[in-house]
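Enquirer: Using the numbering used here, the letters of the sequence shown correspond one by one to residues 3 to 145.
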Amino acid sequence: MSIEANKCNVPKCKGFVVFENADFDFNNLQVGKSNSYEFDDPKCTECGKQYYVVPHYVVVGDPDDEPLESACMTAFMKRENYRSFEEEQDPYEKIQKYIRLMGYTYSPNEVVKRYSDYKEGSYVSFTMKDCIKNLKPELEKLI
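1. Taking Ser127 as the reference, which of Thr107, Leu144 and Pro69 has the closest Cα?
2. What did DSSP end up calling Ile134 once you bin it into helix, strand or coil?
3. My assumption, with CB atoms under 8 Å, is that Tyr100 sits in contact with Leu137. Please give the rounded CB distance.
4. Considering just the uninterrupted stretch of the beta strand (DSSP E) at Asn37, what are its terminal residues?
5. Within a Cβ cutoff of 6 Å, which residues of the same chain sit near Val12, ignoring the five residues on either side of it in sequence?
6. Strictly by DSSP, which residues pair up with Ser72?
7. Please name the residue or residues paired with Cys46 in a DSSP beta bridge.
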């Protein structure tokens with residue numbers, strides 16, 4: 003199985019159009035809503051715009067649109083992780099998601115402890131200061 007991601011072409015949308023691009027049935031192509039042969043009809047992960055996967059692996063929104071810019075799965079996963087972080091309501095989980103998003107090796111408990119030390123004037127590393135700066139409301143809720 004192979005998954006492909008393309009950047010959505012709606013202005014200011016940061017979403018992706020994701021679809022499986024393996025095992026297309028070239029012998030049984032269907033004519034779809036776009037009046038062309040279609041393999042799939044994925045939607046943008048954020049704005050919901052409908053696209054159509056047509057032969058030659060071009061993803062279009064409307065016949066007059068330009069093909070979408072290809073994106074790597076790493077960019078798609080990073081965006082999904084960021085969205086998950088932004089939507090998280092639980093302070094502990096949000097801290098954990100931020101640590102994972104930034105690639106830090108701290109535990110949430112360690113960040114909470116170092117935040118308490120930092121408030122008392124202790125030295126903290128640059129990356130720990132980054133956590134503290136970006137997670138202050140969540141850290142305050144856990145102290």
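Ideal Cβ positions, reconstructed from N, Cα and C, are used throughout, including at glycine.
Expert: Checking against the coordinates, here is how it stands:
1. Against the sequence shown, residue 127 aligns to sequence position 125. With distances taken between Cα atoms, Ser127 lies closest to Thr107.
2. As a first step, residue 134 must be located in the sequence shown, where it is residue number 132. Correct three-state label for Ile134: helix.
3. As a working note, residue 100 is residue 98 in the sequence shown. As a working note, residue 137 is residue 135 in the sequence shown. With 8 Å as the limit, Tyr100 and Leu137 qualify as a contact, their Cβ atoms being about 6 Å apart.
4. Indexing the sequence shown from 1 puts residue 37 at position 35. Counting along the chain, Asn37 falls outside any beta strand (DSSP E), and DSSP gives it neither H nor E.
5. If you number the sequence shown from 1, residue 12 lands on position 10. Cβ neighbours of Val12 beyond the five flanking positions: Cys49 and Lys51.
6. The residue you call residue 72 lines up with position 70 of the sequence shown. Answer is Asn8.
7. Numbered from its first residue, the sequence shown carries residue 46 at position 44. Its beta-bridge partners are Val19.
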